[in-house]
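Here the protein sequences line up with chains A and B, keeping their order.
Counting from 0, one number per residue, gives the positions in the first sequence under numbering that gives the first Met the number 0.
Counting from 0, one number per residue, gives the positions in the second sequence under numbering that gives the first Met the number 0.
All residues carry an ideal CB built from backbone N, CA and C; glycine is no exception.
In this text, all values refer to a predicted model and were calculated from it rather than measured experimentally.
See below for the structure under consideration.
There are 2 protein chains.
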Amino acid sequence: MDKKEILAAAKELVLAKPVAYLTTIDEDGYPYTTAVFNLRNRERYPDSSKVLEEYDNDYTTIYVSTNTSSVKVKNITKNNKVAMYYSIPEVFKGMYFKGTAEFLDDQEFKKNLWMDRWKMYYPLGPTDPDFTILKITTEYISSWYNSGKHVLRFEEK
Amino acid sequence: MDKKEILAAAKELVLAKPVAYLTTIDEDGYPYTTAVFNLRNRERYPDSSKVLEEYDNDYTTIYVSTNTSSVKVKNITKNNKVAMYYSIPEVFKGMYFKGTAEFLDDQEFKKNLWMDRWKMYYPLGPTDPDFTILKITTEYISSWYNSGKHVLRFEEK
Chain A
0 MDKKEILAAA KELVLAKPVA YLTTIDEDGY PYTTAVFNLR NRERYPDSSK
50 VLEEYDNDYT TIYVSTNTSS VKVKNITKNN KVAMYYSIPE VFKGMYFKGT
100 AEFLDDQEFK KNLWMDRWKM YYPLGPTDPD FTILKITTEY ISSWYNSGKH
150 VLRFEEK
Chain B
0 MDKKEILAAA KELVLAKPVA YLTTIDEDGY PYTTAVFNLR NRERYPDSSK
50 VLEEYDNDYT TIYVSTNTSS VKVKNITKNN KVAMYYSIPE VFKGMYFKGT
100 AEFLDDQEFK KNLWMDRWKM YYPLGPTDPD FTILKITTEY ISSWYNSGKH
150 VLRFEEK
């Protein structure tokens, strides 16, 4: 697969499922994985996926909502190296995104992205100090796709 | 949830799906995630899951088949800290296993575990030098289960 095909596969994987797997590095140097909402998934998140697409239509840039008080945020504060994994296990497709995470401090965007059901996580709404958006900039992707491994470094992009 | 309930949840998660997510640390210190076969899944692996259960009926000890030449094996050789994540995304259940990986050099076990369809990965069969079994010893689990976070450290087990 050439670069264009790998990026097309990235789009397919990123759109496919409402859940993805984010790994940070904990204070003891172990990887720490949690399932996170994939806000680009249109079926589960029709509104947020649209807001996200208008904000940044590069599917390889990843936005994750989480609690400011979460372990992953604590980990990223000390070490911003992360992995995100998107998978369609039924058809043996998967894609690993390697990159760095930062905290996105854009109140307008957070307000637009907000969904009411999030009140169970962030009772004070979009301005709740416990509501954080992570932005992950991808440096490298590696996919298992059509029974082969396909790799793209982003300086080549 | 008490320890017994968390271990019951671990069994439920470990048995549920044919795929799990293994993360190692790469040479640049980034987490590296791949999907791996969950050999304890009875539906997809009726024979291997049985062999595995007879070999080790502790569901929190994880066995993963992989290529000796794989990136994850290279990573583990330099850093044995790993994470395994099991998920039932449809019902928002997930479990993170933190532990250390070693290479299991048990020819008898590898022969028993062997399945013919693996010839596409290891053409020489169960003695193929590219066929490796990882054994992961769990130190800690953290689960998202019934809308709550539940943690177990294994010195408490």
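{"Query": "Chain A within 8 Å of threonine 126 (chain B), Cβ atoms only", "Result": "no"}
{"Query": "Collapsed DSSP secondary structure at threonine 76 (chain B) in the structure displayed", "Result": "helix"}
{"Query": "Secondary structure of threonine 126 (chain A), DSSP reduced to three states", "Result": "helix"}
{"Query": "Where glutamate 42 (chain B) falls: helix, strand or coil (DSSP)", "Result": "coil"}
{"Query": "Buried or exposed (CB count within 10 angstroms, at least 16 for buried), leucine 21 (chain A)", "Result": "buried"}
{"Query": "Close Cβ partners of alanine 9 (chain A) (< 7 Å) along its chain, the five nearest in sequence each way excluded", "Result": "Tyr58, Thr59, Met94, Ile140"}
{"Query": "Contact set for phenylalanine 91 (chain B): own chain, Cβ-Cβ below 8 Å, skip 5 residues either direction", "Result": "Trp143, Ser146"}
{"Query": "Test: lysine 156 (chain A) CB closer than 8 Å to a CB of chain B", "Result": "A caution first: lysine 156 (chain A) carries a pLDDT of 48, below 50, which makes its placement in the model unreliable, though a value can still be read off. So no, lysine 156 (chain A) is outside the interface."}
{"Query": "Proximity test, Cβ basis, 8 Å: proline 122 (chain A) and chain B", "Result": "no"}
{"Query": "Of the residues A:Tyr29, A:Tyr85, A:Ala100, the one placed nearest glutamate 138 (chain A), counting alpha carbons only", "Result": "A:Ala100"}
{"Query": "Whether lysine 110 (chain B) touches proline 122 (chain B) by CB criterion (8 Å)", "Result": "no"}
{"Query": "For phenylalanine 36 (chain B), the three-state DSSP class (helix, strand or coil)", "Result": "strand"}
{"Query": "Nearest-angstrom Cα separation, counted from leucine 38 (chain B) out to serine 68 (chain A)", "Result": "35 Å"}
{"Query": "Option in B:Ser47, B:Asp27, B:Asn66, B:Leu6 with minimal Cα separation from phenylalanine 130 (chain B)", "Result": "B:Asn66"}
{"Query": "Three-way DSSP call (helix, strand, coil) for methionine 119 (chain B) in this model", "Result": "helix"}
{"Query": "Assigned secondary structure, serine 64 (chain A) (DSSP; H/G/I helix, E/B strand, else coil)", "Result": "strand"}
{"Query": "Contacting positions in the segment 24-49 of chain B - beta carbon closer than 7 Å to chain A", "Result": "Ile24, Gly28, Tyr29, Pro30, Tyr31, Thr32, Thr33, Ala34"}
{"Query": "Spatial distance of threonine 76 (chain A) from leucine 133 (chain A) (CA atoms)", "Result": "11 Å"}
{"Query": "Proximal chain A residues relative to threonine 22 (chain B), where beta-carbon distance stays under 7 Å", "Result": "Thr22, Pro30, Thr32, Ala82"}
{"Query": "Beta carbon of tyrosine 31 (chain B) nearer than 8 Å to that of alanine 82 (chain A)", "Result": "yes"}
{"Query": "Residue-chain proximity (tryptophan 143 (chain B), chain A), Cβ-Cβ < 8 Å", "Result": "yes"}
{"Query": "Neighbour list for glycine 93 (chain A) in chain B, Cβ cutoff strictly below 9 Å", "Result": "Val18, Tyr20, Thr32, Thr33, Ala34"}
{"Query": "Completely contained beta strand (DSSP E) runs for the segment 76-107 of chain B, where each covers 3 or more residues", "Result": "80-87, 92-102"}
{"Query": "9 Å Cβ cut-off: residues of chain B touching serine 86 (chain A)", "Result": "Val18, Tyr20, Ala34"}
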